[in-house]
Structure formats: structure tokens, C-alpha cells
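The sequence shown lines up with residues 1 to 259 when you count with UniProt numbering.
For every residue, glycine included, the Cβ atom is placed at its ideal position computed from N, Cα and C.
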Amino acid sequence: MTYSTNEMMTVAAARRLNNGSVCFVGIGLPSKAANLARLTSSPDVVLIYESGPIGAKPSVLPLSIGDGELAETADTVVPTGEIFRYWLQGGRIDVGFLGAAQVDRFGNINTTVVGDYHQPKVRLPGAGGAPEIAGSAKSVLIILKQSARSFVDKLDFITSVGHGEGGDSRKRLGLPGAGPVGIITDLCVMEPEEGTHEFVVTALHPGVTREQVVAATGWAIRFAEQVSTTAEPTEAELTALRDLEARTAAAHGQAPGEA
Numbered sequence: 001m002t003y004s005t006n007e008m009m010t011v012a013a014a015r016r017l018n019n020g021s022v023c024f025v026g027i028g029l030p031s032k033a034a035n036l037a038r039l040t041s042s043p044d045v046v047l048i049y050e051s052g053p054i055g056a057k058p059s060v061l062p063l064s065i066g067d068g069e070l071a072e073t074a075d076t077v078v079p080t081g082e083i084f085r086y087w088l089q090g091g092r093i094d095v096g097f098l099g100a101a102q103v104d105r106f107g108n109i110n111t112t113v114v115g116d117y118h119q120p121k122v123r124l125p126g127a128g129g130a131p132e133i134a135g136s137a138k139s140v141l142i143i144l145k146q147s148a149r150s151f152v153d154k155l156d157f158i159t160s161v162g163h164g165e166g167g168d169s170r171k172r173l174g175l176p177g178a179g180p181v182g183i184i185t186d187l188c189v190m191e192p193e194e195g196t197h198e199f200v201v202t203a204l205h206p207g208v209t210r211e212q213v214v215a216a217t218g219w220a221i222r223f224a225e226q227v228s229t230t231a232e233p234t235e236a237e238l239t240a241l242r243d244l245e246a247r248t249a250a251a252h253g254q255a256p257g258e259a
């Protein structure tokens, strides 16, 4: 089956979720990848959303954390304060799954503004629970499309801390957990280099060249000594993803492909 670069990105991200793990999910691309994992390789993954649903199993992708589909399909729903204090700050979240508008070489995220904070070119949706997820989850996965505008040498605003300034910066900040362990894009997979915690390319998606990745990155991106090629999506993965998108589009009155 033929597939798009966006489908490759979603499938590659879904494969990073281990079966049975507890995942705190962001809306948008993270939710799509997490729910694809639940429908394919990780049927026992426990999806938690900021509004309180635990063990959500939505048949369509939620429009927001307040989407009734999440509460209706969850094993239980608890107050938002319990989600953060007991589950997240209590060390019970295995993976935080986040999107971003901008990311830097150390996995720090901007979802606040593009440009000057007081006179921004673009005002973004904001932090939500992302800073707490990035700070307290045992590990963090980041998913976004890759371009020189989104992969920047210096963030316009640090909304959520990844590995800070690199090295032992995260430890010195007193943040628990491993921080970001993977950035999955429509071109490649990046992972933090041991010691420096700078993200380097560890896998290229099929047909993608190193030159494409370099051109789509705002810093001097480096490649691991051994760079693998991401396995192509299987027919089962693509079918599950496309069915999910089709159900979502029909439920939300969207055109096909907008889900």
C-alpha cells in the first residue's frame, strides 16, 4: 500500500508506545498516534487525558480534552487535580506524548508565541498541561512535522523544558524522569545523544535523504553513527489509521484527510 509522509510519522510514533504503558496524551498528533497504538501494537496501553479520563478508548479522535467521547469511553473519570497530583506528579505516568510548534536541539518545546512575547507574530494555544507533563512524566515523546521554522536553533519562548541546556541541565533543574526520549517527524526519528542530550537522527523514513533532514532543521543537525531506516507501515497499521481518520471526519463533519 502507498502511504503519505504524515501516515509514516503517525505510524512510527505509535510504535514507540509499549503495550501496557500509562500514557498522558496531548490533543492533535499525539492523540492520533496514541490511539493508533491502542488499535494496533499496544491494545493494553492506558490513555490518560488532562480533563480526567483514565483508560480512554475513543472511537473517533477528540476535538479537545473536553470532548465527551473521552469520558464516555474511559474506564473512569477523576478530577483534573488528581490527574496532575496523583498520577503525573506521583510518578505514575510512563510516557507523556506531546506536540509542539517549535522544538530545539535539546527537546525544549514552544507552544506559546512565535516572535517577541509582548508583540508576537503568532500567539499559539499556550501551555496547557504540557510543562507539567514534560517535567514529571517518566519519559516524553514529541511528534511534529519537520521544517526549519519548527526545528529552531533558539526557541522564541520555552513553554516546556526538555533537556534544558543539554548535559546534566535537566538534573540540575531538579526535574524527575528521563525527559524527551524521541522526536518523531514526517522525515525521521531523533533521539538524545548520551551525555550531551542533543537530539541526533537515529532513523530516516523510507525515501528520505540526509540532505532533506538538514534542509528542514534550523540547527546543524547531526546523525548517529548508525542510522537505520524506519520500517514501512504495514497494511494493518494503515487500515487502522485510515479508518480512524474516516470515522473522525464523519463524526466532526470534516472533509476526508482533515482528521
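For V213, there is no enclosing beta strand (DSSP E); the enclosing alpha helix (DSSP H) has its first and last residue at 210-215. With a cutoff of 7 Å on beta-carbon distance, L98 and P192 are scored as not near each other. In the structure shown, the three-state DSSP call for M1 is coil. The DSSP-derived three-state label of I109 is strand.
In this structure, T217 sits near F151, with a CB-CB distance shorter than 7 Å.
Nearest C-alpha to R123 among N110, P233, G164: N110. Between L244 and the set I27, K32, E69, the nearest pair of CA atoms involves K32. In the three-state scheme derived from DSSP, where H, G and I count as helix and E and B as strand, P131 is classed as helix. Across the structure, A74 and G253 are spaced so that their CA atoms are roughly 24 Å apart. According to the DSSP assignment, L141 belongs to the beta strand (DSSP E) that extends over 139-143. One alpha carbon belongs to V227, the other to G177, and they sit about 26 Å apart. Where A56 is concerned, there is no enclosing beta strand (DSSP E), because DSSP gives it neither an H nor an E.
As the crow flies, the alpha-carbon of K57 is around 21 Å from that of G81. Rounded to the nearest whole angstrom, the C-alpha separation of A12 and I184 is 7 Å. Our two residues, A37 and Q119, have alpha carbons roughly 40 Å apart in a direct line. In terms of CA proximity to R92, S21 leads the group S21, E194, T76, A215. Contact annotation: V46 and T248 have beta-carbon atoms that are not nearer than 7 Å. With contacts defined as CB atoms closer than 7 Å, A130 and S160 qualify as a contacting pair. About 19 Å separates the CB atoms of H163 and F223; that is not less than 8 Å, and the two are not in contact. Taking A14 as reference, the option from A246, E237, R242, A251 with the minimal CA-CA separation is E237.
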